[in-house]
Every structure is written in C-alpha cells, then in structure tokens.
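The numbering of the sequence shown is numbering that gives the first Met the number 0, which starts it at 0 and goes up by one.
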Amino acid sequence: MLRVESLLSSIPVGADPYDYIKHSILKWGSVPLCRAALVSLVVILILHAFIAATCLLLLTLPCIRPLKPSPWYLRKLYIEDHSSGKAHQVPLYFANAGVLLTTSQLLSSASTSAFIWFDIGAALPGEHLFGSRALPAVGLMNLAETFAYWSLSHCFLVITICHGNKKQQEKSMASIRHIPPQLINFIFTFVPIAAMVITIFVIAWVTQVTSEIQSYTKQGLTALDQGSSIWKQLQVTPQSLEAQAQLRGITMQLASLFHNAFPRLEVAFYRFRLGECLFLSFESISCPTSRKIALGITHEARSWAHIQIRSRYLSLRSGYSSI
C-alpha cells in the first residue's frame with residue numbers, strides 16, 4: 000500500500016513535490032499490462048461477447064418467432080410411490096434447465112466482458128483509482144456461477160427422483176426420496192435468492208467506501224494541480240506572500256485529505272476481501288453439491304444399464320436353451 004512517509008521521503012531535491020506526488024499516485028493507481036496480456040484479454044473479450052450475444056438470441060428467439068409447441072418455463076412433477084401413485088400431494092417444481100443455464104451463461108459472459116473491458120481501462124494511469132465500476136461485474140460473475148451450479152443440481156435431482164429407475168432409487172436415492180418436496184423446493188429457491196441478495200449487499204457495501212476514496216482522490220489530484228501551479232509561480236517570484244499563503248493552505252488541505260483517505264482505503268481492502276470470501280463460500284457449497292448429485296445419478300445410470308444388459312443377456316440365453 001502507498002505510504003505518505005515513504006512517498007515524501009522519495010521526492011528528489013529541487014523537484015516539484017506536488018507534481019511528483021501526483022504522478023506517484025497515478026502510477027500506483029494503474030495496473031499496466033504487457034502486449035501479450037492485452038491481446039489475450041481482447042480475444043477473451045470477443046469470445047465472451049459472442050457467447051453472450053448467442054445466449055441472448057436463444058432466449059429472445061421464442062418471443063420473436065413463436066414455436067409450436069410453445070416453450071415451457073416451470074412444471075409440476077409428482078414423486079410416485081410403488082403403485083405409481085402420488086407419494087406426496089405437494090409437487091416438485093421443475094424449472095426449464097435450458098432456460099436457466101442459458102440465462103446463467105448470458106450473465107456470466109456479459110459480466111466477464113464488462114470486467115475485462117474495465118480491466119483494460121484500468122491499465123491507463125490513474126484509472127484503477129476510479130475502477131469501482133468493475134465491482135458489479137465481479138459480483139455478477141460469481142452470481143452466474145452459483146446459478147449455473149444450482150440449476151444443474153436442481154435439474155439432475157428432480158429428474159432422478161421423478162423419472163429415475165425406481166428399483167435403483169430404493170437403494171441409492173432412498174434418503175433423498177424421503178426428503179419432503181417442500182424442503183427441496185425451498186432449498187433450490189432460497190439459495191439462489193440468498194446468493195443474489197448477498198451479492199447486491201456486498202457490492203453496495205464495498206462501493207460505499209470506494210466512492211468515498213474516489214471523492215478524496217479527485218479532491219487531492221485537483222489540490223496537487225493547484226499546488227504545482229503555485230509552486231512554479233513561486234520559483235519565478237519567491238517573494239509573493241499571497242502565493243505562499245495559498246500554498247500553505249493547499250498543503251494543509253492535502254494533509255487532511257491524506258489523513259482521511261488512507262484509513263478508508265484500508266477499510267475498502269478489508270471489505271473487498273470479505274466479499275471475496277463470501278463469494279467463494281457460495282461457490283464452495285454449490286460446486287460440491289452439484290458434483291455429488293451428478294455422481295450419484297451417474298452411478299445410478301450405470302447400475303440401471305448393467306441390470307438392463309444382464310437381463311437382456313439372460314433372456315437371450317434362456318431363448319437359446321429352449322432351442
């Protein structure tokens with residue numbers, strides 16, 4: 000982090016201190032990129048923009064050109080018991096996985112494109128100091144990942160419970176089939192909504208302090224420009240008492256701005272790291288959950304296929320034996 004003491008001690012003798020401090024702050028507030036990194040970011044930006052446009056086309060095409068049958072977005076499915084009746088009166092709400100995943104990919108690609116665009120802009124001197132516009136993009140990227148994981152988990156779980164092989168479900172999915180449908184509906188509705196609310200809260204929480212820092216920075220850069228102009232004027236007319244008084248006032252203003260800005264900068268870093276931890280916690284919960292459900296379904300599908308192959312083999316064998 001930039002320190003006032005080290006910055007003041009590094010000013011060369013005879014140099015304009017205000018101009019030197021300004022350029023040091025702008026240099027510290029920039030994130031330079033090499034040509035290879037810049038080209039890679041541009042290529043990734045173009046790819047994500049193309050993916051986002053494709054997803055948007057897929058989502059809007061049914062509205063522009065109605066299809067037959069019309070696309071569905073939400074269905075009610077019932078868990079069947081051994082007699083093919085309703086095991087529960089409350090249905091499982093099954094959302095269209097294609098729409099959910101396409102929407103998640105649209106959010107992910109659009110937010111990634113925006114983040115890369117702001118990241119390229121942050122390579123310009125001083126632009127990183129005013130880079131809070133990238134924070135919503137980071138939040139949307141994490142939110143889209145969470146939506147994608149829970150959409151896959153929801154699709155796999157509901158399909159397996161309602162349409163899976165019942166004999167295999169009695170062994171591998173018995174514990175899940177006894178979960179009340181109300182609880183499954185609540186979990187797969189509550190977690191995405193909670194992720195969205197927390198994302199909005201974190202973005203607003205971090206943006207609040209970064210906006211204060213940006214305000215301090217703009218005032219400081221303006222004061223440094225004024226101080227540099229007066230300092231150059233004093234090099235020509237050092238006896239000007241009015242210019243000396245103005246310079247002292249600007250110096251006191253800068254000291255007050257630095258004194259107020261640096262503690263807020265530490266708060267901003269703390270809030271940003273805490274927000275990252277919250278985002279990672281959601282992903283760490285979402286990814287293993289979807290993976291576990293997918294592995295359970297894969298195991299069930301393999302077992303079902305093995306049973307089908309074995310039964311087919313036995314039927315053929317009995318047929319040959321009768322001949």
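For glycine and all other residues, C-beta sits at the position ideal for the given N, C-alpha and C. Just so we're clear, the structure is a prediction, and the values are computed from it rather than from any experiment.
Among all the DSSP beta bridges, which residues are the ones paired with residue 93? 74
Return the CA-CA distance between residue 89 and residue 188, expressed in angstroms with no decimal places. 16 Å
For residue 51 and residue 105, believed in contact at Cβ under 8 Å, the rounded distance: 6 Å
Terminal residues of the alpha helix (DSSP H) in which residue 226 lies: 180-235
Would a C-beta distance cut-off of 8 Å place residue 114 and residue 137 closer than the cut-off? yes
To the nearest angstrom, report how far apart residue 58 and residue 76 are at their CA atoms. 24 Å
First and last residue of the alpha helix (DSSP H) that includes residue 39? 34-63
When 91, 278 and 60 are compared against residue 181, the one with the closest alpha-carbon: 91
My guess is that residue 135 and residue 202 are in contact by the Cβ rule of under 8 Å, so how many angstroms apart are they, rounded? 5 Å
When the Cα atoms are used, what is the spatial distance from residue 241 to residue 259? 27 Å
Collapsed DSSP secondary structure at residue 17 in the structure displayed: helix
By Cβ distance below 6 Å, which residues in the same chain neighbour residue 143 in space, the five residues on each side in sequence not counted? 103, 106 and 107
Does the distance from the C-beta atom of residue 223 to that of residue 150 stay below 8 Å? no
From residue 245 to residue 229, what does the alpha carbon distance come to, in whole angstroms? 8 Å
Assuming residue 47 and residue 145 form a contact by the criterion Cβ under 8 Å, report the distance between their Cβ atoms to the nearest whole angstrom. The Cβ separation is near 18 Å, so there is no contact.
With DSSP as the reference, label residue 10 as helix, strand or coil. coil
Which of the three DSSP states is assigned to residue 150 in this structure? helix
Determine the burial state of residue 269: buried for a count of at least 16 other Cβ atoms within 10 Å of its Cβ, exposed for fewer. exposed
Compute the Euclidean distance between the alpha carbons of residue 168 and residue 160, then round it to the nearest angstrom. With a pLDDT of 48 at residue 168, under the threshold of 50, the modelled position of this residue cannot be trusted; read the value that follows with caution. So the alpha carbons of these two residues sit roughly 8 Å apart.
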